[in-house]
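Asks: Just so you know, we're using the working numbering here: the sequence shown kicks off at 539 and counts up by one. All C-beta atoms in this analysis are idealised placements derived from N, C-alpha and C, irrespective of residue type, glycine included. Quick caveat, the model's predicted, so the values are computed rather than measured. Mind having a look at this structure? Questions to follow.
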Amino acid sequence: MQFELKKIDLFSAIKISFIVNAVLGLAIGLFAGAILAFFMGFINQMMPYEQTFPLTPQFGFLGGFFLSLFYAVFLSVINGVIITGIVVLLYNLIAGWVGGIKLNMLTISTIETKQPTVLSQSSNAGDQSKDV
539 MQFELKKIDL FSAIKISFIV NAVLGLAIGL FAGAILAFFM GFINQMMPYE QTFPLTPQFG
599 FLGGFFLSLF YAVFLSVING VIITGIVVLL YNLIAGWVGG IKLNMLTIST IETKQPTVLS
659 QSSNAGDQSK DV
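Here you go:
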């Protein structure tokens, strides 16, 4: 069977892209924040006390935490909403002119197995239980 994808729903594409990019952004942001906290602590130990920044240890922890949140929001809003919206609108516009993407789908049929038939008991068995 051959299908043609002529239009993509804008809101559903943005919704899925926003959630996927938020999760990826949070994971990448936490990783980058952990590395930033490690290097800020390392730099603070290597510098002489007179040259250290007074907020370096606090910035290392809080900076990593806020970096992860900022990265998740930034990726979700910029990539998940704006870029995905533009790409979906361009696809819908171009697919209207030249046609959409053609997909070849294969139908898979399943073999149904018959259940064994159960013989019902005669109605006389029910009558015998009433007599007792």
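Is DSSP giving residue 553 helix, strand or coil here?
Replies: In the sequence shown, counting from the first residue as 1, residue 553 sits at position 15. Note: residue 553 maps to helix in three-state DSSP.
Asks: Quick one: what's got a C-beta closer than 8 Å to residue 627's C-beta in the same chain, skipping five residues either side?
Replies: By 1-based counting over the sequence shown, the position of residue 627 is 89. Here the set comprises 548.
Asks: Could you name the residues of the same chain whose beta carbon sits closer than 6 Å to that of residue 542, not counting the 5 residues immediately before and after it, in chain order?
Replies: Reading the sequence shown from its first residue, position 4 is the one you call residue 542. For residue 542, where only same-chain residues beyond five positions count, the Cβ hits under 6 Å are 638 and 640.
Asks: Measure the beta-carbon distance from residue 622 to residue 552 and round it to whole angstroms, keeping in mind my assumption that it falls under 8 Å.
Replies: If you number the sequence shown from 1, residue 622 lands on position 84. If you number the sequence shown from 1, residue 552 lands on position 14. That belief holds up - the Cβ atoms of residue 622 and residue 552 are roughly 5 Å apart, short of 8 Å.
Asks: Since I believe residue 570 is in contact with residue 629 (beta carbons under 8 Å), could you give me their beta-carbon distance rounded to a whole number of angstroms?
Replies: Numbered from its first residue, the sequence shown carries residue 629 at position 91. Numbered from its first residue, the sequence shown carries residue 570 at position 32. No, residue 629 and residue 570 are not in contact; Cβ-Cβ is about 31 Å, not under 8 Å.
Asks: Helix, strand or coil for residue 639? Go by DSSP, reduced to three states.
Replies: The sequence position of residue 639 within the sequence shown is 101, counting from 1. In this structure, residue 639 counts as strand in the three-state DSSP scheme.
Asks: Which residue marks the beginning of the beta strand (DSSP E) containing residue 540, and which one marks its end?
Replies: Taking the first residue of the sequence shown as position 1, residue 540 is located at position 2. Its beta strand (DSSP E) spans residues 540-543.
Asks: I'd like to check one pair, residue 555 with residue 617: are the Cβ atoms closer than 9 Å?
Replies: Taking the first residue of the sequence shown as position 1, residue 617 is located at position 79. Taking the first residue of the sequence shown as position 1, residue 555 is located at position 17. A Cβ-Cβ contact shorter than 9 Å links residue 617 with residue 555.
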